[in-house]
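What follows is a set of notes on a single structure, which appears directly below.
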Amino acid sequence: MSPLAVPWTEVAVGLLLVGSGVVVLVAALGLLRLPDFFLRMHAPALASTLAAWVVTLASILHFSSRGGGLALHSWLIIIVLSITAPVTTIVLARAALFRRRQAGDALPPPLDGEAARS
Amino acid sequence: MSPLLAHAITITLVLYALAMATGLVRVVRGPSAQDRVLAADFLYVVGMLTMMVLAIRYDSEMYFEGAMLMVLFGFVGAVALAKFLLRGEAIE
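Taken in order, these protein sequences are the chains called B and G. Going from the first sequence to our numbering is simple: count from 1 and add 1020. Going from the second sequence to our numbering is simple: count from 1 and add 6.
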């Protein structure tokens, strides 16, 4: 088999998978290198949104290309993940705000009118 | 499966392993407890992605159930830990 005879779905699946690996690595580097907890909080969202969507797309493409119709099982994972990830983030942010306030450390400025304008 | 896809999957798994090692550094080093919870939740998500890549690698749809369970347990675990962080401080 010559190198050009690879079916296009396999090329697309491979590209999507490597792209998701790069995105996850970027998220991990953000988790390691950002200076503050509330900044670090943004990095893992990259893995649980973009990378998860890309891997889901790749698996749908792969399992649909084997024949037997459209294989849509993995949408379920994406749906559940997109419901649970924001809840986790909100609860963790509230816990972090509470703990910082208890410890008397510096908090990020509030977002409501007066403080945001000044 | 063509060699191209096999190599792509290998590269992806290596990148995931590097990301998990980096997240583990944050779990060990994290200055505060919420940093550790955040990094552990990240490890759960990357583990779930690994399961989905393994589903493609071994051409088996059984891995999706494992990935689904990892999503659910990761959510329950992270929320439980965050709740503990809230309540543990409140009692002190």
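Every residue gets a Cβ at the ideal spot worked out from N, C-alpha and C, and that includes glycine.
Nearest-angstrom Cα separation, counted from residue j out to residue i
{"i": "L1054(B)", "j": "M68(G)", "result": "37 Å"}
{"i": "V1031(B)", "j": "S1079(B)", "result": "13 Å"}
{"i": "L1066(B)", "j": "T1108(B)", "result": "14 Å"}
{"i": "A1113(B)", "j": "G1089(B)", "result": "42 Å"}
{"i": "V1042(B)", "j": "S66(G)", "result": "24 Å"}
{"i": "P1106(B)", "j": "L44(G)", "result": "13 Å"}
{"i": "V6(G)", "j": "L1059(B)", "result": "Because chain G spans 7 through 98 in this model, residue 6(G) falls outside it and cannot be assessed."}
{"i": "I97(G)", "j": "F48(G)", "result": "Because I97(G) sits at a pLDDT of 40, beneath the cut-off of 50, its placement in the model cannot be relied upon, and the following sentence gives the value as read from the coordinates. About 28 Å."}
{"i": "V51(G)", "j": "S1084(B)", "result": "24 Å"}
{"i": "A27(G)", "j": "L10(G)", "result": "26 Å"}
{"i": "L1049(B)", "j": "R1120(B)", "result": "24 Å"}
{"i": "F90(G)", "j": "A1116(B)", "result": "12 Å"}
{"i": "S38(G)", "j": "F70(G)", "result": "34 Å"}
{"i": "R63(G)", "j": "A1047(B)", "result": "23 Å"}
{"i": "G1034(B)", "j": "V77(G)", "result": "24 Å"}
{"i": "A46(G)", "j": "A61(G)", "result": "23 Å"}
{"i": "L58(G)", "j": "F1118(B)", "result": "The sequence shown places Met at residue 58(G), not Leu. Each residue's alpha carbon lies about 36 Å from the other."}
{"i": "A25(G)", "j": "T56(G)", "result": "11 Å"}
{"i": "L1052(B)", "j": "M74(G)", "result": "27 Å"}
Neighbour flag for residue i against chain B, beta carbons, 9 Å
{"i": "K22(G)", "result": "The sequence shown places Tyr at residue 22(G), not Lys. Cβ-Cβ to chain B under 9 Å: yes for Y22(G)."}
{"i": "V51(G)", "result": "yes"}
{"i": "V77(G)", "result": "yes"}
{"i": "V85(G)", "result": "yes"}
CB contact check: residue i to chain G, cutoff 9 Å
{"i": "P1064(B)", "result": "yes"}
{"i": "P1130(B)", "result": "no"}
{"i": "S1094(B)", "result": "yes"}
{"i": "L1070(B)", "result": "no"}
{"i": "A1091(B)", "result": "yes"}
{"i": "A1048(B)", "result": "yes"}
{"i": "S1040(B)", "result": "yes"}
{"i": "A1126(B)", "result": "no"}
{"i": "L1037(B)", "result": "yes"}
{"i": "G1087(B)", "result": "no"}
{"i": "S1059(B)", "result": "It should be pointed out that residue 1059(B) corresponds to Leu in this sequence rather than to Ser. By this cut-off, L1059(B) is not an interface position."}
{"i": "S1079(B)", "result": "yes"}
First and last residue of the uninterrupted alpha helix (DSSP H) at residue i
{"i": "D1125(B)", "result": "First-last for D1125(B): undefined, no H or E at that position."}
{"i": "S1084(B)", "result": "1072–1085"}
{"i": "A1063(B)", "result": "1063–1066"}
{"i": "S1040(B)", "result": "1028–1053"}
{"i": "M7(G)", "result": "Looking at the DSSP string, M7(G) is not in any alpha helix (DSSP H), and its letter there is neither H nor E."}
{"i": "A1025(B)", "result": "Looking at the DSSP string, A1025(B) is not in any alpha helix (DSSP H), and its letter there is neither H nor E."}
{"i": "G53(G)", "result": "39–63"}
{"i": "L1059(B)", "result": "1057–1060"}
Closer than 8 Å: residue i CB and nearest the ligand FAD heavy atom
{"i": "H1093(B)", "result": "No copy of the ligand FAD occurs in the structure displayed, which carries no ligand at all."}
Taking contact to mean 3 or more Cβ pairs, one atom from each stretch, closer than 8 Å, check whether the stretch 18–27 of chain G and the stretch 1093–1110 of chain B are in contact. no
Interface positions of the stretch 13–37 of chain G facing chain B (Cβ-Cβ less than 7 Å), listed along the chain: A14, I15, I17, T18, L21, Y22, L24, A25, T28, G29, V31, R32
The stretch 1126–1133 of chain B touching the stretch 73–87 of chain G, judged by at least three CB pairs closer than 8 Å: no
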